[in-house]
Amino acid sequence: MKYIFKIIKPFWRRLTISLSFKSVAAVTDLLLPYIIAYMLDEQIPELQASTNTSLWPLILLGILMITIAFSGWMFNVIANRNAEWIAAYAVKELRHDLFEKINTLSANQVDQLTRPSLISRMTTDTYNMYQATGAMQRLGIRAPVLLLGGIAMSLLIDPILTLVMVSLLPLILVIVYFTSRVGVPLYKKTQKSMDKLIRTLREYVTGMRVVRALSMNAYEIDRFDQNNNETIERELKASITMARINPLMRVVMNIGLVIVLVFGAFRVDIGLTARGEILAFVTYFTIILNAMMSITRVFVLSSRASASGERIYEVLDLPVAMQDGPKSIKINQKKPHIEFDHVSFSYLQKEKNLSDINFKLYKGQTLGIIGATGSGKTTLINLLMRFYDVDQGSIKLFGTDLRELKQNELRETIGVVFQNDIIFADTIYGNIQFNRSRITDEDIDLATEVAQANFIYDKENQNQYQMSQKGMNLSGGQKQRVLIARAIAGKPDLIILDDASSALDYRTDMKLRKSLNDKHKEASKIIIAQRISSIKDADLILLIDEGKILAQGTHEELLKTSKMYEKIASYQLGGETL
71 MKYIFKIIKP FWRRLTISLS FKSVAAVTDL LLPYIIAYML DEQIPELQAS TNTSLWPLIL
131 LGILMITIAF SGWMFNVIAN RNAEWIAAYA VKELRHDLFE KINTLSANQV DQLTRPSLIS
191 RMTTDTYNMY QATGAMQRLG IRAPVLLLGG IAMSLLIDPI LTLVMVSLLP LILVIVYFTS
251 RVGVPLYKKT QKSMDKLIRT LREYVTGMRV VRALSMNAYE IDRFDQNNNE TIERELKASI
311 TMARINPLMR VVMNIGLVIV LVFGAFRVDI GLTARGEILA FVTYFTIILN AMMSITRVFV
371 LSSRASASGE RIYEVLDLPV AMQDGPKSIK INQKKPHIEF DHVSFSYLQK EKNLSDINFK
431 LYKGQTLGII GATGSGKTTL INLLMRFYDV DQGSIKLFGT DLRELKQNEL RETIGVVFQN
491 DIIFADTIYG NIQFNRSRIT DEDIDLATEV AQANFIYDKE NQNQYQMSQK GMNLSGGQKQ
551 RVLIARAIAG KPDLIILDDA SSALDYRTDM KLRKSLNDKH KEASKIIIAQ RISSIKDADL
611 ILLIDEGKIL AQGTHEELLK TSKMYEKIAS YQLGGETL
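The numbering used here applies: residue 71 is where the sequence shown begins, and numbers increase by one.
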C-alpha cells in the first residue's frame, strides 16, 4: 500500500478532487434506500388514509430520487475518469524512473538482478501497480464510505438489527487477515517464476537458429513447459488462496442476512419495526456486503501490488555502485594512453576472471589481443569501458585512474564494436549516426569508406536503406562493417574492435586495417581477434589464457619468446611469412 501512496503523491490535488467526487457519489447511494423507506412507511400510508388523492408528494420524491441517482452517476463517471488518468500517469512516471535507474545500474548490479527480472519488473510489476492504483481510487474510498455510511444509516433505522450485522465484521476481518498472511508471499514466488519464464523465453528467441540447427526444439519446448507449469501452479495457488476470501465472506454475510430477516420479521410482527424500514435495512445490508466485497478486491490487488512494488523499489533504492569521477580527460603524450597496473577482477567474487594484468599502450599505437574463448579478452574491454570496476590494481588513462574520470566523457572518447553487437530496426544512416548530433554526413561518409561498407551505395535508397531488426536483411560481413562504421563515425581517440572482423574475408580485413591506420593515425586501437593475421602488425600483442597474460610483445618478439604463439601462428599462417 505504501508504494501506491508513494507514486500518487505528486498528483494529490487531482486525487483530492477525485476522492471528493467518489465520496459524494457514495453518499447519494446511501440516501436512496432511506427515501424509499420514508415513502413506504410515511407517504403511502398517509395517502391511503387521506381523502386527498394528490400524488404530488410521491412524484416529487420520485423526481428527487432520479436527481440523486443521476448526480451519483455523474460524480462516479468524473471520479473514475480522473482515477484512470492518475493511475496511468503515476505508473508512466514510475516506468520512467525505473528505466532511468536501470540505465545507471552497474553491469555487476544488472548481473545480480538478471536481465529477465528487470524486464519483468518493468512490464508485469508496473502493470500490477497500475491495476491496484486505479482500484484504490475507484473503490478504496467508495467502499469504506458505503461500509461506514451503511452501518450509520442502519443504526438510524434500527440499532438492534444493526448490532446483529456488525457482530459479523470481526469474523470477516479474521478471514482476511489469515488468508493474506498466506497469499501475499505466494505472489512474490509467482513473480520469481515469471522472471524464470521470461529468461527461458529470451534465451530461446535469442538462440533460435542454434536450437533449430542442433534439432533441440523438443528439449527447449520441454524446458519452457516446465517453467510455464511452475509459473501457472504458483499463480493458481496464490489466486485460489486469495479467492477464498469472497466466498467465505458471502457465506458469513448471508447467514447474517437470514438472521436479520428472521429477527426483523419478529420485530415487524410485534410492531417494533416498520415494513419499509426492513426493506431499507436489507438494502443497506446488501450495500455493506458489496462494500466488503470491494474492499476485499482492493486488498487482493494491493497484495499483488505490494509484492510488485517491493520488487520495483528494490531496483529504485539501489545505491549508485559506480560513482562518477570529477575529472575530465587530459591528453598527455608523455604518459601511456592506457595502462593496466596489476589488474585483477572477478564477476561473481569467487574465482578470478582476470589476474595481475599489466601492459601499457601509448597514443596512436595498436594493441592486439588473442586468446581462446573465455580467456578474458572481452572482460578486459568491459573494465576499460568501466562497465565494471577492478577488484585490485588500477586502469589509467593518460595517468589518471578511470575511477576519477567522468564516465560519459570517458565513453565519448571510445568507439567500440562488441561481440554480437546490436543493429536496430532503422536505416543504415540511423544505425551509424545513432542520434549523435555531433556526427555530420561527411563523418558518416568517411566512416563507411574506412569500414569498407561501400555495399551501402548498391542498396535501394543507399544509406537510407531500411534494415530489419538485428539487421537480418544484411549478411554477417555487411553487419560487421556497419557496426565498425558506427564505432568510428564519432572520430574517437580509442577504437576497440572485439572480434569485429570475424565475418570478413582476408582481403577486406586487410583493407580495413590499412584504412584505419591511414585515416585514424592519431587514434589508439585495440583489436581482439581469433586470427593472427588481423593483429600481427600491432605495436603490442597480448596472448591471454584463463585470465592471465601468457606473453606480450610484437609479432616478431612473440614468435621467438612464446611457443604457444608460435604454434598458433604456424597453424594459422601456414606457409606465409611468420
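Idealized CB from N, CA, C, for every residue including glycine.
With contacts defined by Cβ atoms closer than 9 Å, residue 439 and residue 598 form a contacting pair. The beta-carbon separation of residue 347 and residue 228, rounded to 6 Å, stays under the 8 Å limit for a contact. Judged by DSSP secondary structure, residue 324 falls within the alpha helix (DSSP H) whose first and last residues are 315 to 339. Residue nearest to residue 570 within the set 273, 546, 530 is 546 (criterion: CA-CA distance). One Cα belongs to residue 521, the other to residue 433, and the distance between them is close to 21 Å. Taking 9 Å as the cut-off, the beta carbon of residue 153 is found no closer than this to the beta carbon of residue 201. As the crow flies, the alpha-carbon of residue 127 is around 32 Å from that of residue 359.
For residue 494, the number of other beta carbons within 10 angstroms of its own is below 16, and it is reported as exposed. Going by DSSP, residue 204 is part of the alpha helix (DSSP H) stretching over 196 to 208. Secondary-structure assignment with DSSP links residue 621 through a beta bridge to 613. Among the bridge pairs identified by DSSP, residue 93 is matched with none. Cβ contact annotation for residue 317 (same chain, cutoff 8 Å, sequence separation greater than five): none.
Secondary structure at residue 486: strand, using DSSP grouped into helix, strand and coil. For residue 346, the enclosing alpha helix (DSSP H) has its first and last residue at 345 to 386. In this chain, the beta strand (DSSP E) harbouring residue 437 covers 436 to 441.
According to the DSSP assignment, residue 451 belongs to the alpha helix (DSSP H) that extends over 447 to 454. With 16 or more other CB atoms across the displayed protein chains lying within 10 angstroms of its CB, residue 548 is buried. Within the same chain, 304, 305, 308 come within 6 Å of residue 260 by CB-CB distance, once the 5 residues on both sides are set aside.
Here residue 562 is buried. Its C-beta has 16 or more other C-beta atoms within 10 Å.
DSSP, read as helix, strand or coil, puts residue 409 in strand. The beta carbons of residue 492 and residue 454 sit no closer together than 9 Å. Straight-line measurement puts the Cα of residue 466 at about 27 Å from the Cα of residue 506. In this chain, the alpha helix (DSSP H) harbouring residue 503 covers 498 to 503.
Fewer than three beta-carbon pairs drawn from the region 623 to 632 and the region 579 to 594 are found closer than 8 Å, and the two stretches are therefore not classed as touching. Taking all protein chains in view, the Cβ of residue 355 is crowded by 16 or more other Cβ atoms within 10 Å, so the residue is classified as buried. Your pair residue 457 and residue 429 does not check out as a contact, with CB atoms roughly 19 Å apart and the cut at 8 Å.
By the 16-neighbour rule on beta-carbons within 10 angstroms, residue 125 is exposed. Cβ-Cβ separation between residue 216 and residue 100: approximately 7 Å, consistent with a contact (criterion under 8 Å).
DSSP places residue 188 in the uninterrupted alpha helix (DSSP H) bounded by 185 to 190.
Rounded to whole angstroms, the gap between the alpha carbons of residue 98 and residue 269 is 51 Å. Per the coordinates, the alpha-carbon of residue 533 lies some 35 Å from the alpha-carbon of residue 609. For residue 86, the number of other beta carbons within 10 angstroms of its own is below 16, and it is reported as exposed. Counted as a single uninterrupted DSSP element, the beta strand (DSSP E) harbouring residue 568 occupies residues 564 to 568. Under the three-state reduction of DSSP output, residue 426 falls in the strand class. Across the structure, residue 523 and residue 258 are spaced so that their CA atoms are roughly 50 Å apart. Around the beta-carbon of residue 556, 16 or more other beta-carbon atoms lie within 10 Å, marking it buried.
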